[in-house]
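Here is the structure we will look at.
Protein chains: 2
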Amino acid sequence: MNKILIIGCGLIGSSVLRAVHKKKIAKKIFILEKSKNNISKIKKLNLKCQIIKDFKNEIPKMDMIIFCTHLSNYEEALKKINKFLNKKTIITDVGSTKNLILQKIRKKLKKGVFWTPSHPIAGSEVSGPEFGHSNLFKNKWCVLIKEKNSNKKHLKKLNKFWKKVGCKIVMMNSQQHDHIFAITSHLPHLIAYNIVKTALDFEKKRKSNLIKFSAGGLRDFSRIAASNEIMWRDVFLSNKKNIILAINLFVKNLNAFKRDISIKNSNKIIKKLTLTKKVRKKIIQLKQDVNLPDFGRN
Amino acid sequence: MNKILIIGCGLIGSSVLRAVHKKKIAKKIFILEKSKNNISKIKKLNLKCQIIKDFKNEIPKMDMIIFCTHLSNYEEALKKINKFLNKKTIITDVGSTKNLILQKIRKKLKKGVFWTPSHPIAGSEVSGPEFGHSNLFKNKWCVLIKEKNSNKKHLKKLNKFWKKVGCKIVMMNSQQHDHIFAITSHLPHLIAYNIVKTALDFEKKRKSNLIKFSAGGLRDFSRIAASNEIMWRDVFLSNKKNIILAINLFVKNLNAFKRDISIKNSNKIIKKLTLTKKVRKKIIQLKQDVNLPDFGRN
Numbered sequence: 109m110n111k112i113l114i115i116g117c118g119l120i121g122s123s124v125l126r127a128v129h130k131k132k133i134a135k136k137i138f139i140l141e142k143s144k145n146n147i148s149k150i151k152k153l154n155l156k157c158q159i160i161k162d163f164k165n166e167i168p169k170m171d172m173i174i175f176c177t178h179l180s181n182y183e184e185a186l187k188k189i190n191k192f193l194n195k196k197t198i199i200t201d202v203g204s205t206k207n208l209i210l211q212k213i214r215k216k217l218k219k220g221v222f223w224t225p226s227h228p229i230a231g232s233e234v235s236g237p238e239f240g241h242s243n244l245f246k247n248k249w250c251v252l253i254k255e256k257n258s259n260k261k262h263l264k265k266l267n268k269f270w271k272k273v274g275c276k277i278v279m280m281n282s283q284q285h286d287h288i289f290a291i292t293s294h295l296p297h298l299i300a301y302n303i304v305k306t307a308l309d310f311e312k313k314r315k316s317n318l319i320k321f322s323a324g325g326l327r328d329f330s331r332i333a334a335s336n337e338i339m340w341r342d343v344f345l346s347n348k349k350n351i352i353l354a355i356n357l358f359v360k361n362l363n364a365f366k367r368d369i370s371i372k373n374s375n376k377i378i379k380k381l382t383l384t385k386k387v388r389k390k391i392i393q394l395k396q397d398v399n400l401p402d403f404g405r406n
Numbered sequence: 109m110n111k112i113l114i115i116g117c118g119l120i121g122s123s124v125l126r127a128v129h130k131k132k133i134a135k136k137i138f139i140l141e142k143s144k145n146n147i148s149k150i151k152k153l154n155l156k157c158q159i160i161k162d163f164k165n166e167i168p169k170m171d172m173i174i175f176c177t178h179l180s181n182y183e184e185a186l187k188k189i190n191k192f193l194n195k196k197t198i199i200t201d202v203g204s205t206k207n208l209i210l211q212k213i214r215k216k217l218k219k220g221v222f223w224t225p226s227h228p229i230a231g232s233e234v235s236g237p238e239f240g241h242s243n244l245f246k247n248k249w250c251v252l253i254k255e256k257n258s259n260k261k262h263l264k265k266l267n268k269f270w271k272k273v274g275c276k277i278v279m280m281n282s283q284q285h286d287h288i289f290a291i292t293s294h295l296p297h298l299i300a301y302n303i304v305k306t307a308l309d310f311e312k313k314r315k316s317n318l319i320k321f322s323a324g325g326l327r328d329f330s331r332i333a334a335s336n337e338i339m340w341r342d343v344f345l346s347n348k349k350n351i352i353l354a355i356n357l358f359v360k361n362l363n364a365f366k367r368d369i370s371i372k373n374s375n376k377i378i379k380k381l382t383l384t385k386k387v388r389k390k391i392i393q394l395k396q397d398v399n400l401p402d403f404g405r406n
C-alpha cells in the first residue's frame with residue numbers, strides 16, 4: 109500500500125501505526141487527531157507520521173482509512189472527510205460494537221463508498237499513544253464484518269492487512285459480533301465497574317477502609333474498571349439491547365446462586381464452581397490466556 | 109520456636125512451611141495431611157517436615173498449630189487433636205471467613221485452650237503444595253482477629269510470627285473481618301464464577317462458540333473462577349449473611365446501571381466510570397497492585 113490514514117491516534121491507533129511501519133505495510137501514514145495532547149505526545153514519541161491537513165487533495169489518494177477514534181467521534185470525523193472519499197479506498201474501523209454504528213454510518217456515507225468494519229480484540233485499561241506498541245495485535249483475533257452488501261475486494265484486502273499486522277482473522281456479521289462481545293467483553297467490563305462501585309458504596313456506608321484489602325479479588329476487577337470511560341460509555345450505549353439481555357441473564361444466574369447459598373445447597377454450588385473451571389481450561393487450550401498461576405503482580 | 113504443626117499442606121500450608129524454614133522460625137515442622145496425593149507431592153518436592161503420627165505425645169509439645177485446611181475440614185481435624193491440646197500452644201488458622209467458624213470451634217474446643225484466628229491475604233487460583241513458595245506472604249496483609257476474650261499473649265506471638273513470615277499486620281474483630289472480605293474478596297469471586305456461568309449458558313443457548321473470543325475481558329474473570337471449588341463453597345456458606353447483603357447491594361447497583369444505559373443517561377454513566385477509576389488509583393497508592401498496564405499475558 110502507498111498511503112494510510114489513521115483517524116484517532118491513541119492506544120490502538122498508535123499501535124496500528126507502529127505495526128504498519130514495522131511490517132512495512134504502507135509507505136506513508138497520515139493521522140487525523142483532534143486531541144492536542146495526543147498530538148504533542150506523538151511528536152515527543154517521534155512516531156513517523158504526517159498530520160493530514162489538505163483533505164481535498166490527500167483524502168482521495170488514501171489506500172486505506174482506519175477509524176481508531178471513540179465510537180461517538182465517528183460521525184464528526186466522517187463529516188470532515190466524507191465528500192472527499194474515493195470508492196477505491198478501503199474504509200474500516202476498530203470499534204468494539206458494530207451493528208448500530210454500521211446502520212448510522214451507512215446513512216451518512218457518501219454514495220458508492222464502502223465501510224468494512226474490523227475489530228481487533230486487543231487493548232488494555234490504559235489509553236494514549238504512549239502505551240501503544242507494534243506487537244499489540246500479535247496472535248489476537250480480528251473480527252471482520254461480512255454482510256450481504258459487503259465489498260468482497262475490500263474484505264480480502266483487509267484480511268491481508270490485519271494478518272500482516274499480526275492478527276488471526278474471523279468473519280461474522282455485525283449482529284453475531286454484537287451478541288458475542290456483549291458476553292465476552294462488554295458484560296465483564298460493566299460488571300467490573302459495578303463491583304468497584306459497590307465496594308465504594310459499602311465503604312461509605314460502613315465507614316470502613318476496605319480498599320486497602322483489595323488484594324483478595326477486588327484488585328483484579330479494579331484494573332478492568334480503570335478502562336477509558338468515553339470508550340466504554342460508547343460501547344454500552346451502542347450495544348444497549350444485547351448488553352441489557354446479558355445483564356438480565358447474569359442477574360438471573362446470580363439470584364439462583366444466592367438462593368443456593370441461602371438454602372446451603374452444597375452440591376449445586378460445587379457443581380457450579382466445577383463447571384466454570386472447565387471454561388478456564390478451554391480458554392487456555394484456545395490460547396486466550398497463559399497457564400501460569402497468578403499470585404498478584406509485585 | 110521449637111515445634112510447629114501445619115494442618116493441611118496445600119498451597120497456603122506448604123507456603124507457610126517454606127517460609128518458616130527460610131526464616132528459621134521453628135526448628136521442627138510437623139504436618140497433618142489427609143490427602144494421599146498431597147503427601148506424595150510433599151515427598152517428591154522434598155519439603156522438610158515430618159508427618160505427625162503420635163498425637164498423644166507430640167501434640168502437647170507444639171508451640172504453634174496452624175489450620176491451613178478447608179474450613180469444612182476444621183471440625184474433623186480438631187476432633188483428632190482436641191484432647192491432646194495444651195493451653196500454652198498458640199492455635200490459629202488461615203481461613204477466609206471468621207465469625208461463624210469461631211463460634212463453632214469455641215463450642216468444640218477443649219476447655220482452657222485458645223483459638224486465635226489469622227487471615228493472611230495471599231493466594232492464587234491454583235491449589236496444591238507444588239505451587240507454594242516462601243515469598244507468598246511477602247508484603248501481604250495478615251488480619252489477626254482480636255476480640256474481648258482473645259489471649260493477648262498469643263496475639264502478640266502471632267503478630268511476631270506473621271511479621272517474620274513477611275506480612276503486615278492489621279487487627280479487627282471477626283464481624284468486621286467478614287463484612288470487609290465479603291466485599292473485597294468473596295463477592296468478586298462469586299461474580300467471577302457467575303459471569304463465566306452466564307457465558308456458558310449463553311454459548312449453549314446461541315450455539316455460538318464465544319469462549320475463543322474471551323480475551324476482551326472474560327479471560328480475566330475465568331482465571332479467578334478457576335479457584336478451588338471446596339475452598340469457595342466453604343467461604344460462601346460460612347459467610348452467607350454478609351455475602352447475601354453484598355449480592356443485594358451489587359444487584360441494586362447493576363439495575364441502576366442498566367436503567368442508565370436503557371434511557372441513555374450519558375452523564376450518569378460517565379460519572380460512574382470516572383468514579384471507579386479513582387478507586388484504581390487508590391489501590392495502586394496503597395500498593396495493592398502495580399501500576400503497569402496489562403495487555404494480556406503472552
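As they're listed, the protein sequences go chains A and B. Under our numbering, the residues of the first sequence are numbered 109 to 406, in order. Under our numbering, the residues of the second sequence are numbered 109 to 406, in order. We put the beta carbon where it would ideally sit given N, CA and C, even for glycine.
- Here B:K136 is bridged, per DSSP, to B:K111.
- Where A:I199 is concerned, the enclosing beta strand (DSSP E) starts and stops at I198 to D201.
- Along the stretch 313-381 of chain B, the alpha helix (DSSP H) occurs as fully enclosed runs of 4 or more residues at 326-332, 337-346 and 348-370, listed in sequence order.
- Within its own chain, the residues whose Cβ lies closer than 7 Å to the Cβ of B:W340, once the five positions on either side in sequence are excluded, are H297, listed in chain order.
- Put simply, the stretch 219-235 of chain B touches the stretch 325-342 of chain B. At least three CB pairs are less than 8 Å apart.
- Annotation for A:S226: the continuous beta strand (DSSP E) segment containing it runs S226 to P228.
- In this structure the stretch 314-324 of chain A lies against the stretch 277-293 of chain B, because at least three pairs of beta carbons, one per stretch, are closer than 8 Å.
- Short of 6 Å from the beta carbon of B:D171, and not among the five residues preceding or following it, lie these beta carbons of its own chain, in chain order: M109, N110 and K111.
- Annotated three-state conformation of B:V221 is coil, per DSSP.
- Contact with chain A is absent for B:N267, since none of that chain's Cβ atoms lies less than 8 Å from the residue's Cβ.
- S232, E233, V234, F239 and L244: these are the residues of the stretch 232-244 of chain B whose beta carbon lies less than 7 Å from some beta carbon of chain A, given in chain order.
- Interface annotation, B:W270: not in contact with chain A, CB-CB separation never under 8 Å.
- The count of Cβ pairs closer than 8 Å, one atom from the stretch 304-320 of chain B and one from the stretch 279-289 of chain B, stays below three, leaving the stretches out of contact.
- Excluding its 5 nearest sequence neighbours in each direction, A:H227 has C-beta neighbours in its own chain below 6 Å: V251, listed in chain order.
- Collapsing the DSSP output to three states places A:F163 in a helix.
- About 6 Å separates the beta carbons of A:C176 and A:V124, which is inside the 8 Å limit, making them a contact pair.
- Below the 9 Å Cβ cutoff, chain A contributes F310, R314, S316 and L318 as neighbours of B:H287, in chain order.
- Chain-ordered, the chain A residues with CB closer than 9 Å to the CB of B:N361 read N302, I303, K305, T306 and D309.
- If you check each beta-carbon in the stretch 320-347 of chain A against every beta-carbon of chain B, the ones closer than 7 Å belong to K320, F321, S322, A323, G324, G325, L326, R327, D328, F329, S330, R331, I332, A333, A334, E337, W340, R341, F344 and L345.
- Around B:T197, the same chain offers M170, D171, M172 and I173 as residues with beta carbons nearer than 7 Å, after the five sequence neighbours per side are excluded.
- The stretch 218-300 of chain A is shown to contain whole alpha helix (DSSP H) runs of 4 or more residues at 260-273 and 282-289, in chain order.
- For A:N207, the enclosing alpha helix (DSSP H) stretches over residues N207 to K216.
- Judged by DSSP secondary structure, A:K144 falls within the alpha helix (DSSP H) whose first and last residues are K144 to K152.
- 8 Å or more divides the Cβ of A:L263 from the Cβ of A:K272.
- Residue contact check for B:S374 against chain A: a CB pair falls below 8 Å.
- Distances from the CA of A:K256 to each of A:F222, A:K276 and A:S242 were compared; the closest alpha carbon is that of A:F222.
- For A:F175, the enclosing beta strand (DSSP E) covers residues M172 to F175.
- B:R327 sits away from A:I369, with the two beta carbons spaced by 8 Å or more.
- Using a CB distance below 7 Å, the part of the stretch 202-230 of chain B facing chain A consists of I229, ordered along the chain.
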